[in-house]
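Residue numbers for the sequence shown follow numbering that gives the first Met the number 0, so the first one is 0 and each next one is one higher.
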Amino acid sequence: MSSLEKHITPYSKAIVRLLKSTVERNSNVWDDVINYQNEIQDYISKIGLELIVKKDEGFAFLKQLEDSEGNTLGLVQRRQIGFETSIVLVVLRQSLEDFDSNPTQLATEKFITNTEIKDELELFLPGKYNKVKFIKELDKYINAAVDLGYLKEISKKENETKYQIHRIIKEKITIDILQDFENKLKDYVESV
């Protein structure tokens, strides 16, 4: 028996996948995440992480535990997101919130096109903001949202791309963060 075989557990692959990214319902380790939640949590808590499972929404991820002053062990690096990408994320988060608040919707997933994102952004951005430059570089900011895992490209036809907004955005950008960002954006525009 090799050293690896001696130390591997039935949920080892699930932990490795969680350390790399979000695990979705269609993943080959999803059942392990669900069936071994307690064991996974016991294991990862030793390195300052918490397992978050959103079974109804179909994903699981790891979150850093914080001390009373908001400090972590620093295992997971915080990514610096540019101002423009932050605006896109806020608009996506607000769009998902509006979708979830509409009880007449039969769909469970929110889909959005790059044109709809542009339209939403134009409504969201205050009048004094440099919209022309922002819209010109919008694809770059949308691609950043894809790279961060908040958007998933579903289809592409000519100049129109359809995306699914990943529900993890609700975990990462809470209503409080959303409101705080909107206030900061208003302050920024008033100062320009």
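Note that CB positions come from ideal geometry on N, CA and C, so glycine has one too. These numbers were taken from a predicted model, which means no experiment stands behind them.
query, result
"For the putative contact between L95 and L150, defined by C-beta atoms under 8 Å, what is the C-beta separation to the nearest angstrom?", "Between L150 and L95 the Cβ distance is about 11 Å, and since that is not below 8 Å, they are no contact."
"By how many angstroms is the C-alpha of K130 removed from the C-alpha of V32?", "43 Å"
"Could you pull out every residue in the same chain whose Cβ sits closer than 7 Å to the Cβ of E119, ignoring the five residues on either side in sequence?", "V90 and S94"
"At least one CB of chain C closer than 9 Å to the CB of K54: is that the case?", "Considering every chain present, this structure includes no chain C. It has just one protein chain."
"For Y162, which beta-bridge partners are listed by DSSP?", "I111 and E152"
"Excluding the 5 residues flanking I43 on each side, which residues of the same chain have their C-beta closer than 7 Å to its C-beta?", "I14, L50 and L61"
"Going by DSSP, what residues sit across from I51 in a beta bridge?", "F60"
"Looking at the structure shown, is E23 part of a helix, part of a strand, or coil, going by DSSP?", "strand"
"Just how far apart, CA to CA, sit R16 and V22?", "7 Å"
"So, for I176: in the same chain, excluding its five sequence neighbours on each side, which residues have a beta-carbon less than 7 Å away from its beta-carbon?", "none"
"Between T112 and the rest of its own chain, which residues show a CB-CB distance below 8 Å, the 5 nearest in sequence each way excluded?", "E159, T160, K161 and Y162"
"Quick check: A143 and G57, are their CB atoms within less than 9 Å of each other?", "no"
"From N37, S100 and I164, pick the residue whose C-alpha is nearest to that of E115; which is it?", "I164"
"Have a look at I86 and T173 and give me their C-alpha separation to the nearest angstrom.", "14 Å"
"I'd like the list of long-range same chain contacts for E38, defined as Cβ closer than 6 Å, with 5 residues on each side in sequence excluded.", "Y10"
"What's the call for T107, buried or exposed, on a 16-neighbour Cβ count within 10 Å?", "exposed"
"Between the beta-carbon of E181 and the beta-carbon of E136, is there less than 9 Å?", "no"
"Can you list, in chain order, the residues of its chain with a C-beta nearer than 8 Å to that of T71? Leave out the 5 residues immediately preceding and following it.", "G47, Q63, L64 and E65"
"Less than 9 Å separating the beta-carbons of E170 and K53?", "yes"
"Report the three-state DSSP secondary structure of T84 (helix, strand or coil).", "helix"
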